[in-house]
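*Asks:* In the numbering used here, the protein residues as written are 864 to 977.
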Amino acid sequence: MRAVLRRGPRAVRTRAAARGPGIIAVVASFPGGSAYAMVRDIAEGYFLVTERTFARFERGELGKIQFEIDRHMREVRGDQPPLDDMQAIQKRNRKIQRLNTALMVLRSYVQKRR
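1. According to DSSP, is D904 part of a helix, a strand, or is it coil?
2. Closest to E921 by CA distance: which of S892, I959, L966, S897 is it?
3. State the start and end residues of the unbroken alpha helix (DSSP H) segment that holds V968.
4. Under the rule that 16 or more other beta-carbon atoms within 10 Å means buried, what is R977, buried or exposed?
5. Just the Cα atoms here: how many angstroms apart are E924 and M949?
6. Using the Cα positions of A906 and L962, report the straight-line distance between them to the nearest angstrom.
7. Nearest-angstrom Cα distance between E931 and D947?
8. Taking only three categories from DSSP, how would you classify R878?
9. Are the beta-carbon atoms of G895 and M901 separated by less than 8 angstroms?
10. Excluding the 5 residues preceding and the 5 following A898 in the sequence, name in chain order all residues of the same chain whose CB lies nearer than 6 angstroms to its CB.
11. Rounded to the nearest angstrom, what separates V912 and Q943 at their Cα positions?
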């Protein structure tokens with residue numbers, strides 16, 4: 864966790880940052896407010912994912928994101944549009960593709976980080 868000079872509601876003092884006076888570590892927060900909201904935005908195409916997206920998250924937060932991606936992918940796969948509604952089928956497939964890509968990028972990042 865990086866230590867930065869910052870004061871505010873998102874700033875938290877940690878053991879690593881407690882060495883110097885006034886040094887406070889900033890806790891990463893999920894875009895959208897929660898891991899589920901972030902994953903929902905990824906699925907809708909509002910949030911693009913790269914390896915740098917995950918650089919500010921800790922191991923536990925990455926696990927939450929991975930869990931939410933898996934959960935949301937199951938929800939999307941479970942929603943079966945009618946076979947004659949091509950737009951709904953394409954929309955569903957795009958969501959699945961975005962979530963699958965995000966999951967692959969996340970797994971790749973976690974593997975490189977070890």
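Backbone N, C-alpha and C fix where the C-beta goes; we use that ideal spot for every residue, glycine too. Everything numeric in this text was worked out from a predicted model, so none of it was measured.
*Replies:* For this structure:
1. One-based indexing of the sequence shown puts residue 904 at position 41. The answer is helix: DSSP assigns D904 an H, G or I state.
2. Within the sequence shown, residue 921 is the residue found at index 58, counting from 1. It is S892 whose Cα lies nearest to the Cα of E921.
3. On the sequence shown, position 105 is the one that residue 968 refers to. Element bounds for V968: 949–976.
4. Locating residue 977 in the sequence shown gives position 114, counting from the first residue. R977 comes out exposed.
5. One-based indexing of the sequence shown puts residue 924 at position 61. One-based indexing of the sequence shown puts residue 949 at position 86. So the two alpha carbons sit approximately 36 angstroms from each other.
6. For this step, residue 906 is matched to residue 43 along the sequence shown. For this step, residue 962 is matched to residue 99 along the sequence shown. Computed Cα separation, rounded: 6 angstroms.
7. The sequence position of residue 931 within the sequence shown is 68, counting from 1. The sequence position of residue 947 within the sequence shown is 84, counting from 1. The alpha-carbon atoms of E931 and D947 are separated by roughly 30 angstroms.
8. The count along the sequence shown starts at 1 and reaches residue 878 at position 15. Low confidence applies here, because R878 scores a pLDDT of 48, under 50, leaving its location unreliable; read the following figure in that light. DSSP places R878 in coil when its eight states are reduced to three.
9. The residue you call residue 895 lines up with position 32 of the sequence shown. The residue you call residue 901 lines up with position 38 of the sequence shown. Yes, they are a contact pair.
10. Taking the sequence shown and counting its residues from 1, the one referred to as residue 898 is at position 35. Taken in chain order, the residues that qualify are K927, I928, E931.
11. Here residue 912 refers to the residue found at position 49 of the sequence shown. Here residue 943 refers to the residue found at position 80 of the sequence shown. Spanning the two alpha carbons is a distance of roughly 26 angstroms.
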